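Residue numbers (the numbering used here), protein chains in the order written: chain L, 63 to 176; chain C, 4 to 114. Structure, as structure tokens:
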């Protein structure tokens with residue numbers, strides 16, 4: 063099970079940190095992703111981190127502004143977001159990814175006001 | 004902007020077979036990277052429907068199947084049911100961009 067938290071209303075240019083708490087599986091063995099869905103839009107992948115955190119990828123839309131990290135001792139995944147823009151408004155999902163993204167959280171909503 | 008293109012909508016009557024195409028390029032589907040398929044109902048978490056070479060997670064009925072050829076992939080749903088009304092997305096990895104990518108999404112409507 064994955065449970066996201068940290069979503070909120072924030073002003074443009076502000077920062078926010080999302081968390082994703084994992085349970086029911088060996089978190090440290092799995093790659094993880096953050097995916098978002100803006101209102102009326104499709105799913106958009108934004109970041110990946112390997113099981114030990116050694117490999118990280120970002121979508122161009124968030125590169126340089128968002129930072130993915132994980133704490134395997136706490137079974138937790140994080141997304142630090144800064145310089146937020148109106149177009150970052152979305153539901154943010156964390157997902158476990160090995161053979162496809164097979165476990166998803168329910169999402170947390172980030173609203174950036176301009 | 005997604006690098007995987009899907010038709011915006013597909014519709015069919017109950018019991019019919021429908022297919023959704025996912026068109027990529029030589030830097031993603033064409034490289035041989037796996038294509039995965041997801042079902043997404045508004046307000047819920049996306050659900051993995053098919054992973055890799057036509058593999059279904061436990062609980063996904065065999066009415067759902069996938070195929071891949073060259074730079075394209077497709078999802079087929081046979082015996083269409085009202086509960087299949089949802090948005091469907093393909094997903095792969097793009098080696099030239101080093102990013103994971105979702106398709107543009109297809110809304111299935113059961114007539």
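C-beta: ideal position from N, C-alpha, C; glycine also. Note that the structure is predicted; figures quoted are calculated from it, not measured.
Judged by DSSP secondary structure, residue 93 of chain L falls within the beta strand (DSSP E) whose first and last residues are 93-99. Within the stretch 44-55 of chain C, contact with chain L at the beta-carbon level (separation under 7 Å) is assigned to 48, 49, 51, 54 and 55. Taking all protein chains shown into account, residue 161 of chain L has fewer than 16 neighbouring C-beta atoms within 10 Å of its C-beta and is therefore exposed. Contact annotation: residue 55 of chain C and residue 105 of chain L have beta-carbon atoms that are not nearer than 8 Å. For residue 102 of chain C, the enclosing beta strand (DSSP E) begins and ends at 102-105. Within the stretch 140-158 of chain L, 155 and 157 place their CB atoms closer than 8 Å to a CB of chain C, listed in sequence order. Closest by C-alpha distance to residue 8 of chain C, out of C/46, C/17 and C/23, is C/23. Here residue 122 of chain L carries a coil assignment [DSSP, helix/strand/coil]. Counting C-beta atoms within 10 angstroms of its own C-beta, residue 97 of chain L has 16 or more neighbours from the protein chains shown and is therefore classed as buried. Under the DSSP definition of a beta bridge, residue 58 of chain C partners with C/54.
In the DSSP assignment, residue 176 of chain L falls outside any beta strand (DSSP E), carrying neither H nor E.
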